[in-house]
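One structure is given here, and the rest of the page talks about it.
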Amino acid sequence: MTIPSYDKLFIGGEWVTPATDRKIEVVSPIDGTIIATVPEATEADIDRAVAAARTAFDEGPWPRMTPAERAVYLKRIGDEVVKRIPAMAEAFTNEIGAPAAVSNAFHDNARKMWGDSSTLHERFEFEEERTWENGGQGKLVREPVGVAATIIPWNGPVATASLKIGPALAAGCTVVFKPAPEGPVSVMMLAEAFEAAGLPAGVVNVVPAGRDAGQYLVEHPGVDKVSFTGSTAAGRKIMAAVADRIGRVSLELGGKSAAIITEDAPLENVMSTLVFGGLANSGQVCAALTRVLVPRDRQDEIVSAMVEAYRGIKVGDPRDEDVALGPLAAERQQQRVLEYIDIGKNEGARVAIGGGVPEGLSEGFYVEPTIFADVTRDMRIAKEEIFGPVICVMPYDTIDEAVDIANGTEYGLSGAVYAKDDATAESIARRIRTGQIGVNNWDMCVTQPFGGYKQSGLGREGNVEGLGAFLETKLMMY
Ligand code: NAD
1 MTIPSYDKLF
11 IGGEWVTPAT
21 DRKIEVVSPI
31 DGTIIATVPE
41 ATEADIDRAV
51 AAARTAFDEG
61 PWPRMTPAER
71 AVYLKRIGDE
81 VVKRIPAMAE
91 AFTNEIGAPA
101 AVSNAFHDNA
111 RKMWGDSSTL
121 HERFEFEEER
131 TWENGGQGKL
141 VREPVGVAAT
151 IIPWNGPVAT
161 ASLKIGPALA
171 AGCTVVFKPA
181 PEGPVSVMML
191 AEAFEAAGLP
201 AGVVNVVPAG
211 RDAGQYLVEH
221 PGVDKVSFTG
231 STAAGRKIMA
241 AVADRIGRVS
251 LELGGKSAAI
261 ITEDAPLENV
271 MSTLVFGGLA
281 NSGQVCAALT
291 RVLVPRDRQD
301 EIVSAMVEAY
311 RGIKVGDPRD
321 EDVALGPLAA
331 ERQQQRVLEY
341 IDIGKNEGAR
351 VAIGGGVPEG
361 LSEGFYVEPT
371 IFADVTRDMR
381 IAKEEIFGPV
391 ICVMPYDTID
401 EAVDIANGTE
411 YGLSGAVYAK
421 DDATAESIAR
431 RIRTGQIGVN
441 NWDMCVTQPF
451 GGYKQSGLGR
461 EGNVEGLGAF
471 LETKLMMY
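The opening position of the sequence shown corresponds to residue 1 in the UniProt record's numbering, with each subsequent residue numbered one higher.
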């Protein structure tokens with residue numbers, strides 16, 4: 001398949017000519033070639049998109065429909081997304097480098113998210129009667145917060161966008177959506193799904209662009225709510241940028257999630273989720289299990305099992321069926337990960353496997369799946385998000401110390417505890433300050449509340465908790 005290029009932006013329900021001829025060149029991480037172009041939205045395009053969303057919110061039918069009426073459109077969007085999943089998944093493989101299995105799984109998540117959003121009205125009371133002392137009575141009415149700016153990274157863009165835009169639309173908000181420049185093609189296909197679903201004009205507007213345009217959008221006075229997914233560093237800037245106007249903001253940020261393996265956890269129950277949880281999408285997953293906390297006397301046994309599992313993983317061109325691990329998404333990303341590998345070596349961590357560019361794969365942006373053993377909590381590789389296929393194995397002496405290490409970063413997004421039984425694993429999991437955690441398991445569930453403690457974010461996405469982020473609450477008193 002050739003990856004389609006685009007020359008228009010989706011604004012106000014139409015494909016419109018951008019204000020300038022600036023283009024985003026989509027670089028294939030497989031071989032570094034340019035495979036498509038997409039228009040780069042500039043400030044004038046963002047003004048136009050915000051104006052369209054503003055008009056659709058202030059004057060259009062969308063916020064005035066009942067939740068059940070909006071759900072009909074959400075179901076239609078879900079159907080249109082499903083039709084496009086094969087093309088979206090293929091574009092994502094080519095622009096970001098995820099093998100088909102990963103790409104298909106991510107896009108299947110998008111299907112689940114639209115299923116979740118289109119049924120929210122059946123599970124959520126938008127209005128309820130309230131009574132209080134001295135005969136007080138009234139109605140609590142949940143209303144859409146207004147124009148929502150949704151900004152996402154490149155590592156799973158259709159799913160990440162769906163997780164924001166679905167609940168925003170269910171709430172009755174209108175949306176300006178800014179995808180990242182690294183992987184814009186699959187999300188332009190999502191824009192086509194919005195168009196095909198027949199949403200009223202201006203309800204969703206799509207403006208691919210980089211950081212400066214993102215900052216401009218966040219600061220825009222026409223925006224009532226920012227829903228952001230990306231790095232913690234950018235999240236901090238965005239929170240500061242909306243502070244002056246007390247802007248509503250939800251943040252889904254970075255992670256450094258820990259898997260705790262206890263003294264008596266049978267390894268055969270650990271390996272599949274531990275390996276997938278650490279390496280999926282070449283480790284470019286916010287919830288990845290990147291720290292593996294092991295009893296000191298089991299480190300050799302566990303590292304050997306991990307090394308053996310890693311040896312069986314074929315790294316290479318993600319379009320090949322037997323390849324399980326593709327390249328990193330961009331050259332900048334590859335360089336960043338290789339730098340962290342150097343940092344780990346210099347800090348005295350032991351490379352158990354990997355540690356460089358795989359042999360014969362110097363053309364694209366590949367990095368070997370890498371395990372560092374003997375990692376200590378003071379090392380930078382143990383604290384900072386690497387966002388690549390680099391796993392830190394950290395020995396501990398007591399469960400209290402393991403809990404302390406797991407909680408010892410600025411992040412708190414995901415995690416896992418593996419023990420001899422669920423009750424033991426659960427008692428440890430309850431002590432970890434993180435938004436989701438696996439109990440003798442690991443997963444990333446996006447149709448239930450997903451989000452971070454501490455600097456991994458603010459608020460939750462998914463299900464009714466995600467819907468709440470796009471609502472204001474009004475008490476009407478009688
Ligand atoms: P990034 O923060 O640099 O960019 C993410 C998006 O924000 C891009 O669209 C970018 O153009 C935009 N952006 C950057 N700075 C901005 C600013 N000041 N104002 C407005 N927009 C701005 O992140 P990245 O390196 O592209 O993506 C990887 C990061 O995303 C990792 O830290 C990862 O953990 C995080 N992430 C989090 C989740 C989650 O749900 N918690 C999911 C996926 C990725």
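Where a beta carbon is used, it is the ideal one built from N, C-alpha and C, also for glycine.
Please name the residue in the options whose C-alpha comes closest to that of residue i.
i           : options                   : result
L62         : G172, A416, P395 and T409 : Rather than Leu, the amino acid found at residue 62 in this sequence is Trp. Of the candidates G172, A416, P395 and T409, the one whose C-alpha sits nearest the C-alpha of W62 is G172.
L467        : G235, S5 and S250         : S250
F387        : D400, I399, T370 and A402 : T370
T434        : M477, A259, V270 and E321 : A259
V145        : K474, R22, Y418 and D224  : D224
R54         : G12, A402 and E461        : G12
F365        : P18, E339, Q334 and M379  : Q334
V16         : R377, D317, P39 and G459  : P39
residue 496 : G408, V275 and G412       : Nothing can be reported for residue 496, as the shown portion of the chain is limited to 1 through 478.
V393        : D342, Y340, L293 and I152 : L293
V323        : R311, E331, I238 and R332 : R311
R460        : S227, N269 and I246       : S227
Q215        : E69, S272, F372 and I151  : I151
I34         : A330, V439 and A429       : A330
Y478        : Q137, A149, A100 and A110 : Q137
G183        : G156, G166 and G198       : G156
P358        : K383, I313 and A280       : I313
R377        : P389, A352, G356 and G348 : G348
K112        : E472, G457, A419 and T447 : T447
G78         : A101, D108, A98 and E90   : D108
D404        : R430, N104 and D422       : R430
E384        : V72, N269, Y340 and R350  : Y340
What would DSSP say about residue i, mapped onto helix, strand or coil?
i    : result
Y478 : coil
K83  : helix
P167 : helix
M384 : The residue asked about is misnamed: residue 384 is Glu in this sequence, not Met. Reduced to three states, the DSSP call for E384 is coil.
A258 : strand
K112 : helix
A105 : helix
V50  : helix
M379 : coil
K225 : strand
I152 : coil
R319 : coil
E69  : helix
I353 : strand
L274 : helix
S282 : helix
P63  : helix
L328 : coil
T2   : coil
V203 : coil
E472 : strand
Could you give the residue range of the beta strand (DSSP E) that holds residue i?
i           : result
Q137        : G136 to P144
Y366        : Where Y366 is concerned, there is no enclosing beta strand (DSSP E), given that its DSSP letter is neither H nor E.
L289        : L289 to P295
L267        : Unbroken run through L267: none, as it is neither H nor E.
residue 554 : Beyond the ends of the chain as shown, which are 1 and 478, falls residue 554; an answer cannot be given.
R130        : E127 to W132
P395        : V390 to Y396
L253        : Premise fails: L253 is in no beta strand (DSSP E) and is neither H nor E.
So the alpha helix (DSSP H) residue i belongs to, where does it begin and stop?
i    : result
A180 : Unbroken run through A180: none, as it is neither H nor E.
N346 : E331 to N346
V303 : Q299 to R311
V242 : T232 to A243
L217 : R211 to E219
E122 : L120 to R123
**OP:** Mind listing, in chain order, the continuous beta strand (DSSP E) runs of no fewer than 3 residues lying wholly within the stretch 402-463?
**Re:** 415-418
Original post:
Which whole runs of the beta strand (DSSP E) in the stretch 4-58 are 3 residues long or more, in chain order?
Top reply: 9-11, 14-16, 23-27 and 34-39
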